[in-house]
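Trainee: First the structure, which I've put down as structure tokens, then a few questions once you've had a look.
Numbering (our numbering), first residue to last: 2 to 925.
Shown next as structure tokens:
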């Protein structure tokens, strides 16, 4: 599904793939699309950075903020009146082009938009070719859904969260309540005008103008009242430079501003920025207080405060909210992202309902508007607070602003222009579909079905479309033969799995009373986690002040080896795990510095070994005794020595395009051993990968690839051009680089890592609309992936590809498959059904079983199954152990554990409990 946040200054779009992973769309190499539209002399509309650049030459043809004209019929560009829906449709078509094939979509809107304003946007959606089923979700509801599901900040039923959207045009405030039906409803909302990012830019321009007006009056006069076209261009460039300087001040104490006609740059300091911004942003704080009061609450009653929007990158916004309300807001690394991604989550939960077909009244015809131009800061305007009247996301219906009567789903106010798509999004055709699959889907309501030992489905063409579908049973004789065959196959499979040396059955045993370990600080609702390595459990928990306490204890006896608080404090802790020679804790992004802090503790003593601050969008790979830092700010890779106090052993610059883009992807090379140990239900190795290879592969923005020794930084193969894009599906496994092409062919290619020579085409799918996600190794010479047709999750297939000989090894229908976890030669597929289903596929693609619940890998032949979804709240899930090919062994139920924190090895389980830490032994 596609989520779009159409903003005043920028547009953001997020694509959610079938495996649950999300991908932010990239526009001209950047994750946001300027919401600017330019009309050229031929009548063509340009958008984004192209529009801004073209607008330098002819400013009267550029509209920077089309959404500011929702109440107008048209905007005059270059002497031509362009309808507002056409301006917005041009932006939406740019989003559609980046996706390729449009999947089901959802678009967000401010709570303050009227029904008529939403109708204008709905018209634009239709003209851009978006499907009629496209939903519209209020921005604060989308943000709240992101807070609970992506950030995993639970909001109890009946509780409320505050959402502050600091956008380019306004600062919107809302209080959103979690209802008993599991939805979020807006109970109060308001808007602080004059407090948006554009308003701050205008105030900074005025501030710098006061300096320039005294020292360079002629230059300032040309900037404030341009006469010639060259002066208009200079004014626009000056305004852009001020905005870029403002963004720079979140990282440095001072930024230069280049003023046309002035020889020396004008210095803008962070102190000046804060002095100018504080009175503007205080309007938002005051509005937040008013809205919270209108909801019948105090700031302390809120279950959280969530700050989103591009202007949230300014640390002062969070600081003023914290000091003014007494509540520290949650801010993510990319504050533009949560609304678009949260909209997908909000829309998905009501996807089974069908919309009614009622349209709002057509908009009236206001007078044409002129293109918006940056203006000096305006005097404070009165803010508007919406009374506390609940508004929720009803199934399939667009949500109205508080105070308005509920409406049916919004449709365009008039039919789409001739030649634009008017039909709903067509159902994708699955090139793998067969008469047999259709019959089974019809018989079983679309739920994946397969007899134990049944062969994988044939390709299209192996069965005639009009031939009789295969029935599950053909009379009593078939039933008896099938039953005998299943029993025989079960015995053979059990012996096969037992005698494989890497698939030995574990001697499961029932759970007993847990061994309890006392925490450093009381276990609460804050961060907590567990890790296992080498017969020792490590537990971490943060207190109310953000102090992280870590405890190390023996897995069998619970004897405490050490307790430590050396990791220090943080606003928010993000992750905790072990590597061979360290215990690692990483904080969330600091709202003041936009940095994270990585701390490494000595596993023998708990003392701090070293720490390092990294930028919010940097990545870290742990390979052997090296931490590979993907430094996106400095455009480089750095190899840090784990046992060398974090010393930089090597550094490599990122490959760049001719335009200076340095986006990159770095993956570690895996072997079969990396998939032989314990792993979470998402397939993440609990004790870290085995790292038996020791190499990494870097994909550059220039589509190049190179192989690097992680320990030394030596480039051992490549760089070779034209391999892959940084956002392509790529894995490096058992000596090969595997690439799933994102182009029209969607082929799967292999490159030899020893030299990165010519590619081998391993597999070409039977249709150009097939896309691969979730690539993973599933054997020494085999990779597996989810193949989906046309973004339709119901068409999902698990496909195994032979990397040595090429070609498909097998495929199996697995509707809504999202995650693949290899278990030896078998594959465990998690399906995004409700409740979630698991499908175990053997080494030949046969469905061994389909069950509900959650499962994780113990080793290459054994699974640990939880009876229900994992949670960060105390729960009592039942556990089952299973050796592939044998009957499951009930182990008993856990008591009062936060199951999302549980980790395990081949015999031990460690979980954070309700008030302490728990250790259990389930095998041996």
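Even glycine gets a Cβ: it sits at the ideal position worked out from N, Cα and C.
Between which two residues does the beta strand (DSSP E) containing residue 893 stretch?
Mentor: 890-894
Trainee: In this structure, how does DSSP classify residue 815 when only helix, strand and coil are distinguished?
Mentor: coil
Trainee: Count the other CB atoms within 10 Å of the CB of residue 588; is the residue buried (16 or more) or exposed (fewer)?
Mentor: buried
Trainee: Use the C-beta contact count for residue 918: other C-beta atoms within 10 angstroms, 16 or more gives buried, fewer gives exposed.
Mentor: With a threshold of 16 other beta carbon atoms within 10 Å, residue 918 meets it and is buried.
Trainee: If the criterion is Cβ atoms closer than 8 angstroms, does the pair residue 568 and residue 533 meet it?
Mentor: no
Trainee: What does DSSP give as the partner residue(s) for residue 666 in the beta ladder?
Mentor: DSSP lists 700 as partners of residue 666.
Trainee: With burial defined as no fewer than 16 other Cβ atoms inside 10 Å of the residue's Cβ, what is the status of residue 774: buried or exposed?
Mentor: buried
Trainee: Can the beta-carbon of residue 772 be found less than 8 angstroms from the beta-carbon of residue 759?
Mentor: Using a Cβ distance threshold of 8 angstroms, residue 772 and residue 759 do not count as a contacting pair.
Trainee: Just to confirm the assignment: which complete beta strand (DSSP E) runs, minimum length 3, are found wholly within the region 568-615?
Mentor: 574-580, 583-588, 596-602
Trainee: Identify every run of the alpha helix (DSSP H) within the region 177-265, keeping only runs that are complete inside it and at least 4 residues long; order them along the chain.
Mentor: 198-216, 218-225, 230-249
Trainee: Is it the case that the Cβ atoms of residue 231 and residue 246 are separated by a distance below 8 angstroms?
Mentor: no
Trainee: Run through the region 307-343 for me and flag every whole alpha helix (DSSP H) of 4 or more residues, listed as ranges in chain order.
Mentor: If we require 4 residues or more, the alpha helix (DSSP H) runs fully inside the region 307-343 come out as 316-326.
Trainee: Leaving aside the five residues before and after residue 881 along the sequence, list all residues of the same chain whose C-beta is less than 7 angstroms from its C-beta, in chain order.
Mentor: 866, 889, 890, 891, 892
Trainee: From residue 863 to residue 829, what does the alpha carbon distance come to, in whole angstroms?
Mentor: 11 angstroms
Trainee: Between which two residues does the beta strand (DSSP E) carrying residue 82 extend?
Mentor: 81-84
Trainee: Below 7 angstroms CB to CB, which residues in the same chain sit around residue 845 once its five sequence neighbours on both sides are set aside?
Mentor: 811
Trainee: Measure the Cβ-Cβ separation of residue 37 and residue 58 and say whether it is below 8 angstroms.
Mentor: Cβ atoms of residue 37 and residue 58: not closer than 8 angstroms.
Trainee: Which value, in whole angstroms, describes the spacing of the CA atoms of residue 539 and residue 531?
Mentor: 6 angstroms
Trainee: Pick from 609, 907, 317: whose alpha carbon is nearest that of residue 252?
Mentor: 317
Trainee: If you check the beta carbons only, do residue 85 and residue 71 fall under 8 angstroms apart?
Mentor: In this structure, residue 71 lies closer than 8 angstroms to residue 85 by Cβ.
Trainee: For residue 168, which residues from the same chain have a beta carbon less than 8 angstroms from its beta carbon, with the 5 sequence-adjacent residues on both sides left out?
Mentor: 8, 9, 10, 197, 198, 310, 311, 312
Trainee: From what residue to what residue does the beta strand (DSSP E) around residue 726 run?
Mentor: For residue 726, there is no enclosing beta strand (DSSP E), since its DSSP letter is neither H nor E.
Trainee: Using a Cβ-Cβ cut-off of 7 angstroms (strictly less than) and excluding sequence neighbours within five positions of residue 147, which residues of its own chain qualify?
Mentor: 339, 342, 343, 346
Trainee: From residue 600 to residue 579, what does the alpha carbon distance come to, in whole angstroms?
Mentor: In this model, residue 600 and residue 579 are separated by some 11 angstroms (Cα to Cα).
Trainee: How many Å lie between residue 737 and residue 544 at the Cα?
Mentor: 45 angstroms
Trainee: Can you tell me whether DSSP reads residue 277 as helix, strand or coil?
Mentor: DSSP places residue 277 in the helix class (H, G or I) of the three-state scheme.
Trainee: Flag this pair as yes or no: are the beta carbons of residue 887 and residue 553 separated by less than 8 angstroms?
Mentor: no
Trainee: By the three-class DSSP mapping on this structure, what secondary structure does residue 345 have?
Mentor: Here residue 345 sits in helix by DSSP.
Trainee: For residue 39, which residues in the same chain have their Cβ closer than 6 angstroms to its Cβ, ignoring the five residues on either side in sequence?
Mentor: Cβ neighbours of residue 39 beyond the five flanking positions: 47, 52, 55, 56, 62, 63.
Trainee: Between the alpha carbons of residue 211 and residue 290, how many angstroms are there, rounded?
Mentor: 33 angstroms
Trainee: Have a look at residue 229 and residue 262 and give me their C-alpha separation to the nearest angstrom.
Mentor: 14 angstroms
Trainee: State the Cα-Cα distance for the pair residue 663 and residue 709, rounded to the nearest angstrom.
Mentor: 17 angstroms
Trainee: Would you mind giving the Cβ-Cβ distance between residue 687 and residue 719, rounded to the nearest angstrom? I have them listed as a contact below 8 angstroms.
Mentor: Residue 687 to residue 719, Cβ: 32 angstroms. No contact.
Trainee: Which one of 702, 512, 609, 227 has the shortest CA to CA distance from residue 582?
Mentor: 609
Trainee: Give me the residue from 105, 305, 622 with the minimum Cα distance to residue 666.
Mentor: The residue from 105, 305, 622 with its alpha-carbon nearest to that of residue 666 is 622.
Trainee: Do residue 699 and residue 638 have their C-beta atoms within less than 8 angstroms of each other?
Mentor: yes
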